[in-house]
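Numbering (my numbering), first residue to last: 1 to 610.
Where is the CB? At the ideal position from N, CA and C, for every residue including glycine.
These figures come from a predicted structure and were not determined experimentally.
First the structure, in the form of structure tokens, and then the observations on it.
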Amino acid sequence: MQEKGSISIHTENIFPIIKKFLYSDHEIFLRELVSNAVDATQKLRSLAQLGEFKGELGELKVKVSVDKDARTITIADRGLGMTAEEIKKYINQIAFSGASEFVEKYKEQDAATKDQIIGKFGMGFYSAFMVADNVEIFSRSYQEGTKGAHWTCDGSTEFTLDTTDKADRGTDIVLHVAADSDEFLEPARLRTILNKYCKFLPIEIEFEGEVINQTAPIWTKQPAELTDEDYVKFYQELYPFSEPPLFWIHLNVDYPFNLTGILYFPKVKDELQFQRNKIQLYSRQVFITDEVKDVVPEFLMLLHGVIDSPDIPLNVSRSFLQADAAVKKINTYITKKVGDKLAELYRKDRAGYEEKWSDIGLFVKYGMLSDDKFYEKAKDFVLVQNVAGKFFTLPEYQEFVQANQKSKDEQTVILYTTDAEAQHAFVQAAQDRGYDVLNLNGPLDSHFIGQLEQKLEKTTFKRVDAETASKLIDKDEAAESVLSDDDKTRLQELFTKAISNEQMHVLVEALSPQDAPVIITLPEFMRRMKDMQRTGGGGGMQMFGSLPDSYTVSINANHPVAQRVLNAEGEAGAQLARQAFDLGLLAQGMLKGEALTAFVKRSADLLAAE
Ligand code: ADP
Ligand code: MG
Numbered sequence: 001m002q003e004k005g006s007i008s009i010h011t012e013n014i015f016p017i018i019k020k021f022l023y024s025d026h027e028i029f030l031r032e033l034v035s036n037a038v039d040a041t042q043k044l045r046s047l048a049q050l051g052e053f054k055g056e057l058g059e060l061k062v063k064v065s066v067d068k069d070a071r072t073i074t075i076a077d078r079g080l081g082m083t084a085e086e087i088k089k090y091i092n093q094i095a096f097s098g099a100s101e102f103v104e105k106y107k108e109q110d111a112a113t114k115d116q117i118i119g120k121f122g123m124g125f126y127s128a129f130m131v132a133d134n135v136e137i138f139s140r141s142y143q144e145g146t147k148g149a150h151w152t153c154d155g156s157t158e159f160t161l162d163t164t165d166k167a168d169r170g171t172d173i174v175l176h177v178a179a180d181s182d183e184f185l186e187p188a189r190l191r192t193i194l195n196k197y198c199k200f201l202p203i204e205i206e207f208e209g210e211v212i213n214q215t216a217p218i219w220t221k222q223p224a225e226l227t228d229e230d231y232v233k234f235y236q237e238l239y240p241f242s243e244p245p246l247f248w249i250h251l252n253v254d255y256p257f258n259l260t261g262i263l264y265f266p267k268v269k270d271e272l273q274f275q276r277n278k279i280q281l282y283s284r285q286v287f288i289t290d291e292v293k294d295v296v297p298e299f300l301m302l303l304h305g306v307i308d309s310p311d312i313p314l315n316v317s318r319s320f321l322q323a324d325a326a327v328k329k330i331n332t333y334i335t336k337k338v339g340d341k342l343a344e345l346y347r348k349d350r351a352g353y354e355e356k357w358s359d360i361g362l363f364v365k366y367g368m369l370s371d372d373k374f375y376e377k378a379k380d381f382v383l384v385q386n387v388a389g390k391f392f393t394l395p396e397y398q399e400f401v402q403a404n405q406k407s408k409d410e411q412t413v414i415l416y417t418t419d420a421e422a423q424h425a426f427v428q429a430a431q432d433r434g435y436d437v438l439n440l441n442g443p444l445d446s447h448f449i450g451q452l453e454q455k456l457e458k459t460t461f462k463r464v465d466a467e468t469a470s471k472l473i474d475k476d477e478a479a480e481s482v483l484s485d486d487d488k489t490r491l492q493e494l495f496t497k498a499i500s501n502e503q504m505h506v507l508v509e510a511l512s513p514q515d516a517p518v519i520i521t522l523p524e525f526m527r528r529m530k531d532m533q534r535t536g537g538g539g540g541m542q543m544f545g546s547l548p549d550s551y552t553v554s555i556n557a558n559h560p561v562a563q564r565v566l567n568a569e570g571e572a573g574a575q576l577a578r579q580a581f582d583l584g585l586l587a588q589g590m591l592k593g594e595a596l597t598a599f600v601k602r603s604a605d606l607l608a609a610e
């Protein structure tokens, strides 16, 4: 005796709408049906524990099989099963009303939001109709004295329901695969889908005679039960061809939201590498997505690993997700955990922390730049390294340079180089004055410097070649010049003429006789503006057009060369000036092309002359 009926939902024909809009995500039908089977199995286990089910649990595997000839996929479980009444209630009413609710919501959205809903919405049982034109349920409840029930539906609002003599407890879902979904009849395709979504489900899933999942992945365990090897092994399972991670954080919280997971710090090195290995988001061990943009703070996207939370709403639009209170709390929690972990590493093992710095430094700076709360935490454990290779925290470094690098207006001037090789002459000159020089050559360092100048009190940064060494830190020490004012003026004119380049601003200065005869510098503010212009930042900067180069050429009045230029007659003086200027260019790495060739020739002539 078969019952025929009509499913009461508002929308007449939801099937074609869902099929069309969920197109790219058809494969999730398998995730949905397998997780239903897992849910049913776990519910039966709970009933057994409560004493409400007294029978034998027996083997509880979920079995997925495919029959190419019959064009069917079957998902069979030995869970709690459903009576005919329950099928009417749970499938006809709940599953279908869930689907129609989706369509209703969906219709209200604009096109962009629609795109985002797709794939985020757990379509549940109804998703079977994305790949099947007919679905059958054979089910028998665990409750004694109930008969097996058989339900069929072709995705329309019509269904049939009758009895069946299913011998065993549990549910078989049989999909009659539609003509346009042949791909899902390929075992290899099904295996790929199972591996993607079901690899860590808590009940064994069998496909083609083997179990495809780990029922207790390590993030579900207590950290105390786990060794470092366990964590590294798991990482390599997630990302087979990666170098081992630097360290990791085991997340575990159940109030005010529920979240478990493991975040790994990969080796990032100096580039913002293309992130192949993304963080995977799970909900109760079911893989959901590796698009975790809104759940994980932006700067933590460099991390790898797994986050599992049933509290992340998956069935809503992206904009809603961003505003969601649970998601915000999760964000804050993860940021805090990462900060705590770094602080702990720094405290417990300073040497190890310094060793890892080349890998984590970029990430820490990225975090400080993008998240103020993280800045507050990290400001005590972010490291800077000087050209001698020694590491300091910011407070340590300020302390270190305090005495020697204060300007007359009480500013601590921090000197840095972006290329210790190319700027060697300047690094050397600064060191000769007893100054320390930091290496700040990372991709984020120019932004980092800007941030530190805003945050640290009375502190400025200067690149070593921004000024002649004596002027880098303005201490108001009047320098004695051996030249008369007349001579200085003459010297300036001589050099200006010999150089004859408008971009070169010539100054005569009383430097130390040990300093170079000519020093070419690009003022700090000028270089920063040009940097900003180059990186496209600073928006309004464009109105200046392309900034002309404007260098300062400092002629060292106290260097013997100054005297020689003054004493030389006519052309010989100009030649000497030109030669000294070229030396300045050379120290700045600016001597190139024709000028370089001329310099080599002139040097040879000068050598031959004596
Ligand atoms: P959800 O899983 O979110 O509840 P679904 O549309 O996936 O929504 O399923 C609807 C309901 O149908 C489930 O809540 C459950 O009661 C029932 N159901 C689905 N599949 C099974 C199954 N294999 N065994 C027992 N009950 C099931
Ligand atoms: Mg479900």
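Reduced DSSP secondary structure (H/G/I, E/B, other) of residue i
| i | result |
| --- | --- |
| H250 | strand |
| V565 | helix |
| E377 | The amino acid occupying residue 377 in the given sequence is Lys; Glu does not appear at that position. In the structure shown, K377 sits in a helix (DSSP, three-state: H, G or I). |
| G170 | strand |
| I205 | strand |
| D349 | coil |
| S127 | helix |
| N404 | coil |
| N195 | helix |
| G584 | helix |
| D270 | In this prediction, D270 scores a pLDDT of 47, lower than 50, which makes its location untrustworthy; the coordinate-derived value is nonetheless stated afterwards. Coil, per DSSP. |
| S242 | coil |
| V364 | helix |
| T597 | helix |
| S550 | coil |
| S512 | coil |
| K114 | Any reading at K114 needs caution, since the residue's pLDDT is 49, under 50, leaving its predicted position unreliable; the model's value is listed next. Correct three-state label for K114: helix. |
| N92 | helix |
| I312 | coil |
C-alpha distance - residue i paired with residue j, whole-angstrom precision
| i | j | result |
| --- | --- | --- |
| E355 | D25 | 44 Å |
| M504 | D290 | 54 Å |
| S141 | G148 | 7 Å |
| E421 | E186 | 59 Å |
| A128 | L30 | 8 Å |
| W248 | A132 | 43 Å |
| P560 | Y435 | 25 Å |
| A429 | T460 | 19 Å |
| Y366 | K89 | 52 Å |
| L606 | D465 | 28 Å |
| V306 | D582 | 58 Å |
| A178 | G442 | 55 Å |
| V66 | M532 | 60 Å |
| F519 | L494 | Going by the sequence as given, residue 519 is Ile instead of Phe. Going by the C-alpha atoms only, they are around 16 Å apart. |
| N134 | V211 | 28 Å |
| S139 | V232 | 42 Å |
| D349 | K462 | 32 Å |
| F207 | M368 | 47 Å |
| L263 | G584 | 51 Å |
| D419 | N439 | 7 Å |
DSSP beta-bridge partners of residue i
| i | result |
| --- | --- |
| G5 | F159 |
| N439 | Q385 and T417 |
| N134 | H176 |
| G261 | L251 and I307 |
| G148 | T164 |
| E210 | F207 |
| R534 | Answer is none; R534 lacks a bridge partner. |
| S139 | A149 and T171 |
Nonlocal neighbours in the same chain, by C-beta distance under 7 Å from residue i, ignoring five residues either side
| i | result |
| --- | --- |
| G339 | F374, K377 and A378 |
| E480 | A510 |
6 Å Cβ shell around residue i - same chain, five flanking residues per side excluded
| i | result |
| --- | --- |
| L161 | E3, A84 and W151 |
| N252 | T260 |
| Y397 | V384 |
| S283 | P310 |
Cβ neighbours of residue i in the same chain (closer than 8 Å, five flanking residues each side left out)
| i | result |
| --- | --- |
| R578 | A498, I499 and R602 |
| A516 | A425, A429, N556, H559, L583, G584 and A587 |
Notebook entry, point to check: Which parts of the region 15–77 are runs of the alpha helix (DSSP H), unbroken and 4 residues or longer, counting only runs that do not cross its ends?
Noted result: 28–49
Checklist line | Runs of alpha helix (DSSP H) lying entirely within the region 439–500, each at least 4 residues, in chain order | finding: 445–455, 469–472 and 485–499
Note to self: I'd like the ranges of any beta strand (DSSP E) spanning at least 3 consecutive residues and lying wholly in the region 282–306.
What the structure shows: 286–289
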